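Participant: The opening residue of the sequence shown carries number 1 in the UniProt record's numbering; numbering runs sequentially from there. By construction, the Cβ of each residue, glycine as well, lies at the ideal position given by its N, Cα and C atoms. These figures come from a predicted structure and were not determined experimentally.
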Amino acid sequence: MMWTTTVLLLLVPRLLFTTDTGNGTHFNHSEIINEDFSDAPVKDYKPLGGVKGRETCSIPCDITIKLLRDEKHSVCGQLQQSLLAFGRSTRKLMRDVMEEQQRALDILSGQVMELMTKVQTLSFEVQRSNSEMYSIKPVQSHGRDCSDIRDSLVSVVPKIPSGIYIVHPENTDSSFEVFCEMDYMGGGWTVMQRRTDGLTDFKRPWADYADGFGNLAGEHWLGLKKVFHIVNQKDTRFQLHMALVSHDDITSYASYDDFHLDSETQFFSIHLGRYAGSAGDAFRGYEQEQNQDTAPFSASDVDNDGCNPFCSIENRTVESCSTQHNHTGWWFNQCGLANLNGTPEDMEQNQGGRTHILWDTWRQNGIPHTIKSVTMKIRRIATNN
Ligand SMILES: [Ca+2]
């Protein structure tokens, strides 16, 4: 069996590394025979079956040798065919495996594409829900003031919601939150004061009136510094609008165009344009000494009220209009006929001092209305571009 083992050792590596290309893919039968089955072994051949020597052969030795050689050739041929078949089946198996893997890859590829499409759809869905959230929680849009925000959103948002927005007026380093009324008289109103329930204490010193206080969504004073920044932007003109509601739910308003404030060094003196409205021009009053236009702001600890050392009001001597008006802040001028920072409560309960919201020119049958709520708001009315 030695020769069979030799043939296998020689043939198997060659068959395993054979490819289908080229002329070298098939074995040269004669070469194999020449390599491994040369006539040389004939000399050393020892007959099988205990045959020893030419003299012991039952059949002529050369015939036996020929038969054995033919048998070797036949076995070798069969072995070669088997190995070739093995090689073919191996290559076919590899092709099948590769085709199977390709099909699996195609399926995975399709699944990846499907997942990517789903991710894209979900992204669009998230963007859409974000834009819907925007209308519920509007503190996301920035602009110079509420009019600027209104102008930038009006073409992209069908209904701009009222609420708290962030503004960054021109020529300032600071951004701050304001309440924007977007559904009142065309929208774009920045609320600078709101008084509705009396729960917020308006007895405040100068610093609070300068910086602002209260709850933007409810009662608050935006702050003179912030209002100054908004109304002193380049190429802008602002309208000041006071909306009043009486205890018996009658509404009225007073409006001034070209409203602006001086800086803090000038105590935020107020400047008012033309009056329009149904509540009367309480800021200017009926007489010159009642006129609050151009008056500086006063608070309980900063006295610019024109009563120096005192005023005589309704037969009473008044040194401080702020003290007279429940320690609130306002553009008092010899106290005057307006102070919207008073308390929204019944006048009958406030004998003596003037603690209530005052707009003395809004009257019914000669008697001032009792005011239960007020909102002061500003809006751009024109640009000079
Ligand atoms: Ca005074």
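To which residues of the same chain is F179 closer than 6 Å at the C-beta, ignoring the five residues directly before and after it?
Facilitator: The residues are I164, V191, L216.
Participant: By how many angstroms is the C-alpha of D173 removed from the C-alpha of A254?
Facilitator: Between A254 and D173, the C-alpha separation is close to 32 Å.
Participant: Can you give, in chain order, each stretch of the beta strand (DSSP E) that sits fully within the segment 204-247 and has at least 3 residues?
Facilitator: Runs found: 237-246.
Participant: How big is the Cα-Cα spacing for D183 and G218?
Facilitator: Taking the straight line from one Cα to the other gives about 17 Å.
Participant: Can you give me the Cβ contacts of I33 inside the same chain, cut-off strictly under 6 Å, excluding the 5 residues immediately before and after it?
Facilitator: At I33 the pLDDT is 41, less than 50, meaning the model places this residue with poor confidence and gives no usable figure here.
Participant: Report the start-end ranges of each beta strand (DSSP E) in the segment 276-359 that is 3 residues or longer and not cut off at the edges.
Facilitator: DSSP runs (the beta strand (DSSP E)) wholly in the segment 276-359: 311-313, 316-318.
Participant: Tell me the residue span of the alpha helix (DSSP H) that contains R144.
Facilitator: Unbroken run through R144: none, as it is neither H nor E.
Participant: For S252, which three-state DSSP category applies?
Facilitator: In this structure, S252 counts as strand in the three-state DSSP scheme.
Participant: For R274 and Y256, which I take to be in contact (beta-carbon distance under 8 Å), what is that distance rounded to the nearest angstrom?
Facilitator: Confirmed, Cβ separation roughly 7 Å.
Participant: Which one or two residues does DSSP pair with W189 in a beta bridge?
Facilitator: Paired residues: E181.
Participant: So for R274, helix, strand or coil by DSSP?
Facilitator: Reduced to three states, the DSSP call for R274 is coil.
Participant: Kindly confirm or deny that the segment 189-207 and the segment 111-128 touch, where touching means at least three C-beta pairs closer than 8 Å.
Facilitator: The segment 189-207 vs the segment 111-128: no contact.
Participant: Starting from G163 and walking both ways along the beta strand (DSSP E), at which residues does that stretch end?
Facilitator: Residues 163-167.
Participant: Suppose you measure from the CA of L48 to the CA of V75; what does that come to, to the nearest Å?
Facilitator: Confidence at L48 is low in this model, with a pLDDT of 48, below 50, so its placement is unreliable and the value that follows should be read with caution. Near 17 Å, if we compare the C-alpha coordinates of V75 and L48.
Participant: Please tell me whether, using a cut-off of 7 Å, the distance from the CB of residue 440 to the nearest non-hydrogen atom of ligand 1 is below it.
Facilitator: As displayed, the chain neither begins before 1 nor continues past 385, which places residue 440 out of reach and without an answer.
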